[in-house]
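Encoded as structure tokens, the structure appears first; notes follow it.
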Amino acid sequence: MGYRHLRECVEDLDRNGQLVRIEEPIDADLEAATIQRRVSAAGGPALLFTQVRNCRFPMVSNLFGTMDRVRFMFRDGLEAVERLIELREQPRRFFRNPWRYLGTPRSALTTLPSRVRHGSVLANETTVDQLPQLKSWPHDGGAFVTLPQVYSEHVDDPGLRRSNLGMYRIQLSGDSYKANEQIGLHYQLHRSIGVHHAAAIRAGKPFRVNVFVGGAPSMTVAAVMPLPEGMSELTFAGALGRRRVRMVCRPNELPIHADTDFCITGVVEPGKLLPEGPFGDHLGYYSLTHPFPVLRVEKVYHRDDAIWPFTVVGRPPQEDSILGQLIHEITGPLIPEVLPGVHGVHAVDAAGVHPLLFAMGSERYMSFLESERPQELLTQAHAILGQGQLSLAKFLLIAAKHDAPKLDLNDEGAFLQHMLERADWTRDLHFHTNTTVDTLDYSGSGLNAGSKVVIAAVGPKRFDLATRVPAELRLPDGFKNPRLVRPGILAVEGPRCPAPSFDFDISAKARSASRGEVAGQIERFCSEFDRSINAFRWVVVVDDSEFVAESLRNFLWAVFTRTDPASDIYGMESFVVEKHWGCRGALVLDARIKPHHAPLLEENPEVSKRVDALAARGGPLHGIF
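Taking my numbering, the leading residue of the sequence shown gets -13, the next gets one more, and so forth.
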């Protein structure tokens, strides 16, 4: 059976050599996060910090740091969850292969949350300032909860059945908030909690929210899982954890997870928004300060033996990359049934997950015409961009499976090469402008605002990809240091733009002027081009061409987190016909860091030195990373 609570998981990992105890006093302000980043990058063990400075609660991190550890923790539940999701999407599967689903009724019982009157989390009360004040990056606006499970219900239909459990950023401290009375609640446009909040506003009723921290790891996974519409996260957590989730249900109170380590209860202050952030986020940049809802804190509960779990996000890969792999393992096989004709979708972790998607589809209905123009692929692309978190993608590259049946979506270099050998820039670029993008992505025209492009490719190889920089290549003034990134891809350094700032609220006029100046530089590059550059399919204008060409990982991150398709895609010999944009020569992507972008994440040098010393020979972290 699965774990009842977090301490049970920690002890199990400790017994099996998958956890290291750090007895040295560690500061929750930057130090713990710096250690976590080092250990995560090394594929190291889970870490239990037993002595946290100025805090009586221990902290644990890197629980989900490797797929082997994730599979170990959920060794009893992963297969059961896969079966349950399969049957929910396609009930007829049971009759096709009943032996596969023999244990499913027993597993289904664990999906039913259990209503109880008491729970271990209610044993003690404390205040927000007594919780671990985790700060991950130097310019974070305060302390944050990085593995919260935020519970809410629909005011028109309350109860566990239509509840939502999501992982939404919680800011515990900062200049905007009254200490111990207010905390920040950050959620994005596409999140289910927004539906609940809007319903409460319409009904004129208080919007109650509970924040759980800790408990069985299955609750953490449930909070990030993109489940099918109508499937409760509590049912998923029960199936994955092989135990019914126990919820304390008392009159006139929002249910509380009985076995969580901490619970903050409160009410969202109606009509009130306060500045939340900055916060070092998963794209590798800060998300800036913006107005978000405020939770008025009522109670802070904790277990007797409470442990505070945390993670750190930043430029991928981080620990959340492993959670992404787990999600794909569970939900990936369902893609063809949810999206007919689509064989698979791959969210590229190195590019920050949301900015870049690869997909394989089918050209089924028009095959008798032997057309080599994408047709059904475009329909499938629109369906992909209409699915939950997939809708956040800026770049969707989709290929026809019949052109290369053995092509692996996860082989990112091979997939890019396949696309570049086939996609025709006069025809196969399809833009979605003035639309919504990830709240955390600042490459577009404003908060939540940007564009998308679908690049579709069908048919045999059409283009040979250049594998060297032509000796005769001449670049316009201000552009230099051409470097081959991959076959068919050239990186060129462009003029440096003014550095980003933490002030998102610069005037629209100033932002527009800045964007106009930047665009003018690339337009000049495209108008003064040397024809030998058209030996390349993609030319990326960057700040540091050697960094971008050093590895595929660097290329994917630097290019796709810093480009907005509508404003940053240009081309040699570009044209517009019937409102369709294309180009006859190389496609040019302006992937420089621009003034309206968010600042890069960088560690505090003094803290980094301190952590490096702890890892030196004789130090408490020696041999861990």
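The beta-carbon is built from N, C-alpha and C at its ideal position, and this holds for glycine as well. As the structure is a computational prediction, the values presented were derived from the model and not from experiment.
Which residues mark the beginning and the end of the beta strand (DSSP E) in which glutamate 592 is found?
Unbroken run through glutamate 592 is the alpha helix (DSSP H), 591 to 601; no beta strand (DSSP E).
Just curious, the alpha helix (DSSP H) that cysteine -5 is in, first and last residue?
-8 to 1
Below 6 Å CB to CB, which residues in the same chain sit around phenylalanine 198 once its five sequence neighbours on both sides are set aside?
Gln135, His243, Thr246 and Cys249
Status (buried if at least 16 other CB within 10 Å, exposed otherwise) for histidine 608:
exposed
Which value, in whole angstroms, describes the spacing of the CA atoms of glutamate 255 and leucine 274?
Going by the C-alpha atoms only, they are around 22 Å apart.
Where the beta strand (DSSP E) through serine 518 begins and ends
Where serine 518 is concerned, there is no enclosing beta strand (DSSP E), given that its DSSP letter is neither H nor E.
Keeping to the same chain, check which residues put their C-beta closer than 7 Å to that of proline 303; ignore five residues upstream and five downstream.
Asp335
Cutoff 6 Å; reference alanine 19; Cβ partners in own chain excluding five residues on either side:
Ser122 and Val298
Put leucine 607 into one of helix, strand or coil per three-state DSSP.
coil
Apply the 10 Å Cβ neighbour rule to glutamine 4 and answer buried if 16 or more other Cβ atoms are within range, or exposed otherwise.
buried
Top-ranked residue by Cα proximity to glycine 105, from Arg289, Asp306, Gln361 and His276
Arg289
Excluding sequence positions up to five away, which residues of its chain have a Cβ less than 7 Å from the Cβ of lysine 258?
Val280
Anyone know if the C-beta pair for methionine 614 and leucine 312 falls short of 9 Å?
Examination of residue 614 is not possible in this model, given that the chain is present from -13 through 611 alone.
Whether or not the segment 160 to 178 and the segment 99 to 118 are in contact is what I'm after, with contact meaning three or more pairs of Cβ atoms, one per stretch, closer than 8 Å; do they touch?
These segments touch.
Contact belief for leucine 133 with threonine 206 at Cβ below 8 Å, rounded distance in angstroms
6 Å
What residue does the alpha helix (DSSP H) around isoleucine 313 start on, and which one ends it?
305 to 317
Can you list, in chain order, the residues of its chain whose CB lies under 6 Å from that of phenylalanine 533, leaving out five sequence neighbours each side?
Asn540
If we call anything under 9 Å between Cβ atoms a contact, is histidine 340 one with leucine 393?
Cβ distance not < 9 Å, so histidine 340 and leucine 393 don't count as in contact.
For isoleucine 12, write down the residues that DSSP places opposite it in a beta bridge.
Note: isoleucine 12 sits in a beta bridge opposite Val38.
So what does methionine 233 bridge to, in DSSP terms?
Arg101 and His243
Using the C-alpha atoms, what's the distance from valine 455 back to isoleucine 384?
C-alpha separation (whole angstroms): 28 Å.
How is cysteine 483 classed by DSSP in three states: helix, strand or coil?
coil
Contact between the segment 571 to 578 and the segment 510 to 530: three or more CB pairs below 8 Å?
Touching, yes, given that three or more Cβ pairs across the two stretches are closer than 8 Å.
Restricting to Cα atoms, I'd like to know which of Val283, Lys447 and Val563 is closest to threonine 412.
Val563
Whole-angstrom C-beta distance between glycine 170 and isoleucine 262, which should lie under 8 Å
Going by the sequence as given, residue 262 is glutamate instead of isoleucine. Right, the Cβ-Cβ distance comes to about 4 Å (below 8 Å), so this counts as a contact.
So within the segment 353 to 410, which uninterrupted beta strand (DSSP E) runs reach at least 3 residues, ignoring any that extend past its ends?
381 to 386
Look at the alpha carbon of alanine 189 and the alpha carbon of histidine 368, and state the distance between them as a whole number of angstroms.
34 Å
Which word fits aspartate 489, buried or exposed, when buried means at least 16 other C-beta atoms lie within 10 angstroms of its C-beta?
exposed
Just verifying my parser: in three-state terms, what is the DSSP assignment at leucine 575?
strand
How should arginine 523 be labelled, buried or exposed, when 16 other C-beta atoms within 10 angstroms of its C-beta is the threshold for buried?
Buried.
Is the beta carbon of histidine 404 less than 9 Å from the beta carbon of valine 440?
no
State the DSSP-derived secondary structure class of leucine 542, mapped to helix, strand or coil.
helix
Check whether glycine -12 and glycine 227 have beta carbons under 9 Å apart:
yes
According to DSSP, simplified to helix, strand and coil, what is glutamine 22?
helix
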